[in-house]
Amino acid sequence: MKRVFSLLAAFLFVGAMALHADEHEKEEKKGPKFEWETPRFDYGTLYLDDMPETKLDIKFTNTGDEPLVLSNVRACCGTRVTSWPREPIMPGQEEVIKIEFRLAPRPQRISRTVTVTYNNPQSPTERFRITGQVVERE
44 MKRVFSLLAA FLFVGAMALH ADEHEKEEKK GPKFEWETPR FDYGTLYLDD MPETKLDIKF
104 TNTGDEPLVL SNVRACCGTR VTSWPREPIM PGQEEVIKIE FRLAPRPQRI SRTVTVTYNN
164 PQSPTERFRI TGQVVERE
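Per my numbering, the very first residue in the sequence shown carries number 44; after that it's consecutive.
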């Protein structure tokens with residue numbers, strides 16, 4: 044009888060360990076992961092008589108373990124997305140989103156956002172921020 048209980052306990056232990064191993068494998072699978080090279084670009088203080096080019100190439104990488112697919116890239120406040128990758132981005136691959144925006148020649152605070160929607164159910168959106176301040180030279 045002790046032998047039957049010992050065998051039963053061993054089978055239950057092995058079964059529980061196998062179930063735990065399956066759960067652990069599921070936890071380790073990350074899926075696609077979007078990561079900006081830097082999540083913000085700060086122009087700092089700009090002077091009206093020395094305005095920069097208002098085009099940016101925003102770099103990002105798929106740091107996950109599955110292909111990343113962008114479903115939408117949109118911008119606000121007079122910012123235009125000129126190109127973004129439409130094909131799947133493989134793990135470890137770096138890509139670029141190109142934007143341009145207009146700055147009126149007047150003192151103002153710069154606050155723009157680019158929002159990316161992609162195929163990660165836990166975190167389907169990422170935001171890139173553009174900040175700065177335009178002032179008159181004293």
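Just so you know, even glycine gets a beta-carbon here, dropped at the ideal spot from N, CA and C.
Per-residue DSSP class, three states only, for residue i
i	result
Asp-92	helix
Arg-46	helix
Ala-118	strand
Asp-85	strand
Arg-123	strand
Test item: CB-CB of residue i and residue j under 8 Å
i	j	result
Thr-125	Val-157	no
Thr-174	Thr-168	no
Asn-162	Val-112	yes
Those residues which DSSP pairs with residue i across a bridge
i	result
Ser-154	Thr-174
Glu-138	Phe-103
Candidates the options, of which the one nearest residue i by Cα
i	options	result
Leu-89	Pro-75, Pro-150, Met-133	Pro-150
Cys-119	Asp-108, Ile-142, Glu-138	Ile-142
Sequence-distant residues of the same chain with beta carbon closer than 7 Å to residue i, five excluded per side
i	result
Glu-78	Phe-103, Thr-104, Thr-106
Asp-85	Thr-174, Gly-175
Beta-carbon contacts of residue i that lie in its chain and below 6 Å, excluding the five residues immediately before and after
i	result
Arg-145	Gly-121
Ser-139	What sits at residue 139 in the sequence shown is Val, not Ser. Cβ neighbours of Val-139 beyond the five flanking positions: Asp-100, Lys-102.
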